[in-house]
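Asker: Residue numbers (our numbering): 7 to 236. Backbone N, C-alpha and C define an ideal beta-carbon position, used for all residues, glycine too. If you're wondering where the values come from, they're calculated on a predicted model, not measured in any experiment.
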Amino acid sequence: MNDQVAKQDTFTMPVIGSKAPEFKAVTTQGEMDFPKDYEGKWVILFSHPADFTPVCTTEFMTFASMQEEFCELNTELVGLSIDSVHAHLGWLTAIRGYSWNGIENPNVDFPVIADIKMDVAKKYGMLQGESDTNAVRAVFFIDPKGTIRTILYYPASMGRNFAEIKRIVIGLQKSDKDGVALPANWEPGKDVIVPPPGTCGGIRKRKEEVKEKGYKMMDWFLTFREDKDA
């Protein structure tokens, strides 16, 4: 009996490179079929511990203030907590009257999933050791093909770094578009890394490319070039 209960309570966590788990849910913007409804777009799916909580309120104000910036990056926002739609609506209505950190009366237009039964939270590994009933601050970056590309987890006590969230979206799109890697602390406009050669002949060719294309080669496996979009 105990083994059966334990088996029912276990759930797997998605990993980078896997398909985003599918689900249908009710949200503050109507019903959602995920990720089908977002085909062709990037999605930031994020969870928060609970409505009407202080850190979450600052995060939602920030997400709302940056929504247009993410839309310009072909990226949609989707929130979630283990609360009802009515709790979401009451909280988001209250947020419209707040001012903080230069953000004035933000309007949260992106959908927030009601996950009372914790179906989505369990599929996405949003329930961690902090609580059995509140989701952690998880962030899933999902590409236009429905593949999970990056996962972040924050504890309940710490708000997310939104500059980093935006940098990740830009970086993933840059890597896909130009076939490059990005060095530590990379920011848009800074040099990118050319993938290393995989053969001896490739190493010789890379040395020729350094002269022809103006690459900056530190070693055969570490070569930089300017960002084409800078």
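Counting only the same chain and skipping the five closest in sequence on each side, list residues whose C-beta sits under 8 angstroms from that of Asp-197.
Answerer: In the sequence shown, the residue the question calls residue 197 occupies position 191. Result list for Asp-197: Pro-189, Lys-222, Phe-230, Arg-231, Glu-232, Asp-233, in chain order.
Asker: Compute the Euclidean distance between the alpha carbons of Val-216 and Thr-33, then round it to the nearest angstrom.
Answerer: Locating residue 216 in the sequence shown gives position 210, counting from the first residue. Locating residue 33 in the sequence shown gives position 27, counting from the first residue. In a straight line, the C-alpha of Val-216 is about 52 angstroms away from that of Thr-33.
Asker: Could you tell me how far apart the beta carbons of Pro-55 and Asn-140 are, in whole angstroms, since I believe they sit closer than 8 angstroms?
Answerer: Counted from its first residue, the sequence shown places residue 55 at position 49. Counted from its first residue, the sequence shown places residue 140 at position 134. The C-beta distance from Pro-55 to Asn-140 rounds to 4 angstroms, short enough to fall under 8 angstroms.
Asker: Would the segment 164-173 count as touching the segment 112-129 if we require 3 or more Cβ pairs under 8 angstroms?
Answerer: no
Asker: Which two residues bound the contiguous alpha helix (DSSP H) that contains Arg-210?
Answerer: As a first step, residue 210 is located in the sequence shown; it is residue number 204 there, counting from the start. From DSSP, the alpha helix (DSSP H) with Arg-210 extends over 206-219.
Asker: Which residue's Cα is closest to the Cα of Phe-116: Phe-29, Ser-71, Ile-157?
Answerer: Looking up residue 116 in the sequence shown gives position 110. The shortest Cα separation from Phe-116 among Phe-29, Ser-71, Ile-157 belongs to Ser-71.
Asker: At the level of alpha carbons, what is the spacing between Ser-137 and Thr-99?
Answerer: Taking the first residue of the sequence shown as 1, we reach residue 137 at position 131. Taking the first residue of the sequence shown as 1, we reach residue 99 at position 93. Answer to the nearest angstrom: the Cα atoms are 27 angstroms apart.
Asker: Count the other CB atoms within 10 Å of the CB of Gly-177; is the residue buried (16 or more) or exposed (fewer)?
Answerer: In the sequence shown, residue 177 corresponds to position 171, counting from 1. Gly-177 comes out buried.
Asker: Which residues in the same chain have their Cβ closer than 6 angstroms to the Cβ of Ala-144, if we skip the five residues on either side of it in sequence?
Answerer: Mapped onto the sequence shown, residue 144 falls at position 138. Hits under 6 angstroms: Ser-53, Met-132, Tyr-159.
Asker: Could you tell me the distance, in whole angstroms, from the CA atom of Ile-199 to the CA atom of Gly-220?
Answerer: Here residue 199 is taken as the residue at index 193 of the sequence shown, counted from 1. Here residue 220 is taken as the residue at index 214 of the sequence shown, counted from 1. Going from the Cα of Ile-199 to the Cα of Gly-220 covers about 13 angstroms.
Asker: Can you give me the start and stop residues for the alpha helix (DSSP H) that Ile-101 sits inside?
Answerer: The residue you call residue 101 lines up with position 95 of the sequence shown. For Ile-101, the enclosing alpha helix (DSSP H) covers residues 91-101.
Asker: Can you give me the C-alpha to C-alpha distance between Phe-147 and Arg-102, rounded to a whole angstrom?
Answerer: For the purposes of this step, residue 147 is identified with residue 141 of the sequence shown, where counting begins at 1. For the purposes of this step, residue 102 is identified with residue 96 of the sequence shown, where counting begins at 1. Whole-angstrom Cα-Cα distance: 26 angstroms.
Asker: Am I right that Leu-83 and Ile-50 are in contact with their C-beta atoms under 8 angstroms? What's the rounded C-beta distance?
Answerer: Reading the sequence shown from its first residue, position 77 is the one you call residue 83. Reading the sequence shown from its first residue, position 44 is the one you call residue 50. The pair is a contact, with the Cβ atoms about 5 angstroms apart (cut-off 8 angstroms).
Asker: Could you tell me which residues DSSP pairs with Ile-157 in its beta bridges?
Answerer: Residue numbering aside, residue 157 sits at position 151 when the sequence shown is read from its first letter. Answer is Phe-146, bridged to Ile-157.
Asker: Please name the residue or residues paired with Glu-110 in a DSSP beta bridge.
Answerer: In the sequence shown, the residue the question calls residue 110 occupies position 104. According to DSSP, which records beta bridges pairwise, Glu-110 is partnered with Ser-105.
Asker: Evaluate Leu-86 with the Cβ neighbour count: other Cβ atoms within 10 Å of its Cβ, from every protein chain shown; 16 or more gives buried, anything less gives exposed.
Answerer: For the purposes of this step, residue 86 is taken as residue 80 along the sequence shown, with counting starting at 1. Classification for Leu-86: buried.
Asker: What span of residues does the alpha helix (DSSP H) with Val-186 cover, start to end?
Answerer: Start at 1 with the first residue of the sequence shown, and residue 186 comes out as number 180. Val-186 -> no alpha helix (DSSP H), and no H or E assigned at all.
Asker: To the nearest angstrom, report how far apart Glu-218 and Asn-80 are at their CA atoms.
Answerer: Mapped onto the sequence shown, residue 218 falls at position 212. Mapped onto the sequence shown, residue 80 falls at position 74. Their Cα atoms are separated by approximately 35 angstroms.
Asker: Please go through the same chain and pick out, in chain order, the residues whose beta-carbon is closer than 7 angstroms to the beta-carbon of Thr-59, but skip the five residues on each side of it.
Answerer: As a first step, residue 59 must be located in the sequence shown, where it is residue number 53. Within the same chain, Thr-59 has no close Cβ partners at all.
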